[in-house]
């Protein structure tokens, strides 16, 4: 079994409010293909970290929490540098990617798909993170996720960044 790269996780005791700009994105994703948990993660380059700005499970994954990622780890290399989605299609892949995999599995999550959001210059600035049950997602659904990220996700992030 492969273990996840070292990751530092910070969790506020109380979740900050969700960025309301992403409410429509969450609803569209729920209606299109569903999820157990949906989060939006803003990339903070200076910290090599992801900051959660939206969560449908704030008690488990609070808004304001951060994950400081190992440089060269598969997730940031794929999503941030290569600008491609990163998928863990089963529990084994979850365990090899996320140090918090036991918490994900406890929520019934067997799959996660992270799809990047880009700024006007083409840089990855955030990611939509869809977490689903066993065999809930496939490569066809991934195409839908990418469309949502490109359209609604990008627009929501632009509105969000204008307010902070």
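Numbering (full-length UniProt numbering), first residue to last: 1 to 164. Glycine included, each C-beta is placed from N, C-alpha and C at the ideal position.
- Residue pairing from DSSP places residue 43 in a beta bridge opposite 50.
- A distance of 7 Å or more separates the beta carbons of residue 107 and residue 94.
- Per the coordinates, the alpha-carbon of residue 43 lies some 18 Å from the alpha-carbon of residue 20.
- Considered as a whole, the stretch 81 to 125 harbours 86 to 88, 111 to 118 as its complete beta strand (DSSP E) runs of no fewer than 3 residues, in chain order.
- The beta carbon of residue 11 lies closer than 7 Å to those of 62, 65 in the same chain, with the five residues before and after it left out.
- Inter-segment contact for the stretch 29 to 38 and the stretch 120 to 131 is present: three or more beta-carbon pairs are separated by less than 8 Å.
- For residue 146, the uninterrupted alpha helix (DSSP H) segment begins and ends at 139 to 148.
- Looking at the backbone, the Cα of residue 76 and that of residue 97 are separated by about 11 Å.
- A Cβ-Cβ contact shorter than 7 Å links residue 91 with residue 110.
- The residues 78, in chain order, have a CB closer than 6 Å to that of residue 84 in the same chain once the five nearest residues on each side in sequence are set aside.
- At least 7 Å separates the beta-carbon of residue 15 from that of residue 39.
- According to the DSSP assignment, residue 36 belongs to no alpha helix (DSSP H), since it is labelled neither H nor E.
- If the five residues before and after residue 148 are omitted, its C-beta is found closer than 8 Å to the C-beta atoms of 25, 28, 29, 32, 115, 128, all from its own chain and listed in chain order.
- Here residue 99 is not near residue 162, since their CB atoms are 7 Å or more apart.
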